[in-house]
Amino acid sequence: TILDGIKADDPNFNYEILPSTEEDGYTPANITAEDSPLVLALQDAVRGVLDKEPEFFRTWAGATDGRLYRFAGIDTVGFGPSGENAHGANEAVFVDDLIAQAQVYQAAIRQLLG
Numbered sequence: 172t173i174l175d176g177i178k179a180d181d182p183n184f185n186y187e188i189l190p191s192t193e194e195d196g197y198t199p200a201n202i203t204a205e206d207s208p209l210v211l212a213l214q215d216a217v218r219g220v221l222d223k224e225p226e227f228f229r230t231w232a233g234a235t236d237g238r239l240y241r242f243a244g245i246d247t248v249g250f251g252p253s254g255e256n257a258h259g260a261n262e263a264v265f266v267d268d269l270i271a272q273a274q275v276y277q278a279a280i281r282q283l284l285g
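What follows is the structure, given as structure tokens:
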């Protein structure tokens, strides 16, 4: 595999392939706890950078790779300052939203690193 090739080039590289679904093809629902340091840092960052109260969005009919991190025990949050125009006709990302998102990430990372 490609990963074996990387391992051959770098003996410090390790990987583990985890299943992403159950035997019947179903991936169970998963969520990061509201009191997770990651969730709390992002909430604080949204308040500080965007000057608004963060909204929780728990209903998702699809899936993200975040589930793989959570299955591995890594807290994961999907975040974006705007859901406007997402996953529909003429889907687009606004530059101002990207800048705001980067600023929120920076503030959250600073808080997490102390």
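If you want the numbering used here, it's the 1-based position in the sequence shown plus 171.
The beta carbon of each residue, even a glycine, is placed where N, CA and C say it ideally should be.
Problem - Minimum C-alpha distance to residue 220 - residue among 174, 237, 279 - result: Reading the sequence shown from its first residue, position 49 is the one you call residue 220. Selected option, being the one with the closest Cα: 279.
Practice task
With residue 242 as the anchor, note down where its alpha helix (DSSP H) starts and where it stops.
Solution key: Locating residue 242 in the sequence shown gives position 71, where the first residue counts as 1. Residue 242 -> alpha helix (DSSP H) spans 237-242.
Exercise for the section: State yes or no: is the beta carbon of residue 203 nearer than 8 Å to at least one beta carbon in chain C? Expected result: No chain C appears in the structure shown, which is made up of a single protein chain.
Problem - Boundaries of the alpha helix (DSSP H) in which residue 174 is found, first to last residue - result: Start at 1 with the first residue of the sequence shown, and residue 174 comes out as number 3. For residue 174, the enclosing alpha helix (DSSP H) has its first and last residue at 173-180.
Practice task
Report back the beta-carbon spacing between residue 250 and residue 213 to the nearest angstrom; my notes put them in contact at under 8 Å.
Solution key: Your numbering for residue 250 matches position 79 in the sequence shown. Your numbering for residue 213 matches position 42 in the sequence shown. Contact holds; Cβ gap of about 6 Å.
Practice task
Could you tell me the boundaries of the alpha helix (DSSP H) in which residue 211 lies?
Solution key: The sequence position of residue 211 within the sequence shown is 40, counting from 1. 208-216 is the extent of the alpha helix (DSSP H) around residue 211.
Handout entry: Exposed unless 16 or more other CB atoms sit within 10 angstroms - verdict on residue 216
Key = Translated into positions along the sequence shown, residue 216 becomes position 45. Residue 216 should be labelled buried.
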